[in-house]
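Residues in the sequence shown are numbered from 388 upward in steps of one, following my numbering.
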Amino acid sequence: MENYRWLAGLIAAHPDGQVVGRTRLQKEVKLLQSLGFPTDYAYMIHFYGPYSEGLHSDIGLLEGMGFVTEEECLGQGGNPYYIIETCDRAPSADVSEFNEKISLMVKADSVVLELAATYDAFRDTGADHEDALRRVRRKKGSKCDDGNLGAALSLLGNLELQAN
388 MENYRWLAGL IAAHPDGQVV GRTRLQKEVK LLQSLGFPTD YAYMIHFYGP YSEGLHSDIG
448 LLEGMGFVTE EECLGQGGNP YYIIETCDRA PSADVSEFNE KISLMVKADS VVLELAATYD
508 AFRDTGADHE DALRRVRRKK GSKCDDGNLG AALSLLGNLE LQAN
């Protein structure tokens, strides 16, 4: 049950207790785990970078218990995204020691967050800086353009995660 409490606490720490996008939540938890966030979700590289099936399942369980709600919305081009919101009665852990890091990620563009988490995941597999950059560019293509990859590395530096 500990993962649930930490996950609910993370969602509650967002403005209005809402996370806009499952992908964003996945990436935030991945980066927070690298910073010592006490959840133990296993990640694999997926279409949008690091992905945890366990985290996805836990959101469904939290929703089933009435601790979070997920609202499906349609974005530009008709693509669905989800707003995940905690309920007042959700048993959440105190994530205050991570609030500064959470705030940095909340402010980050979703593509920048995705690139940062993907780079971090490649570093976790033992890739050095140059190899991780090469792999991110190959995996993410044009998402790396327009300064996004540089912004991702800057975000990692601000989070005090390895970015070189």
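Glycine included, every Cβ here is placed at the ideal spot set by N, Cα and C.
Close beta carbons around Asn-486, own chain, < 7 Å, minus the five adjacent residues each side: Stepping through the sequence shown from its first residue, residue 486 is reached at position 99. Result list for Asn-486: Ala-400, in chain order.
DSSP-derived helix/strand/coil call for Gly-534: By 1-based counting over the sequence shown, the position of residue 534 is 147. Of the three classes helix, strand and coil, the one that applies to Gly-534 here is coil, per DSSP.
8 Å Cβ cutoff met for Val-416 and Tyr-435: Here residue 416 refers to the residue found at position 29 of the sequence shown. Here residue 435 refers to the residue found at position 48 of the sequence shown. In this structure, Tyr-435 does not lie closer than 8 Å to Val-416 by Cβ.
Alpha helix (DSSP H) segment containing Thr-410, residue limits: As a first step, residue 410 must be located in the sequence shown, where it is residue number 23. Per DSSP, Thr-410 belongs to the alpha helix (DSSP H) from 409-421.
For Lys-526 and Ala-539, the rounded distance between their alpha carbons: Along the sequence shown, read from residue 1 onward, the residue named residue 539 stands at position 152. Along the sequence shown, read from residue 1 onward, the residue named residue 526 stands at position 139. Using only the alpha carbons, I get a separation of about 15 Å.
CB contact below 8 Å: Leu-397 versus chain B: Structure shown: chain B not included; a single protein chain is present.
Sequence-distant residues of its chain with Cβ nearer than 8 Å to Ile-489 (five each side left out): Taking the sequence shown and counting its residues from 1, the one referred to as residue 489 is at position 102. Leu-397, Ala-400, His-401, Glu-415, Leu-419 and Val-482, listed in sequence order.
First and last residue of the uninterrupted beta strand (DSSP E) at His-443: The residue labelled residue 443 in the question sits at position 56 within the sequence shown. Per DSSP, His-443 belongs to no beta strand (DSSP E); it is in the alpha helix (DSSP H), 440-451.
Under the three-state DSSP convention, the category Leu-350 falls into: Examination of residue 350 is not possible in this model, given that the chain is present from 388 through 551 alone.
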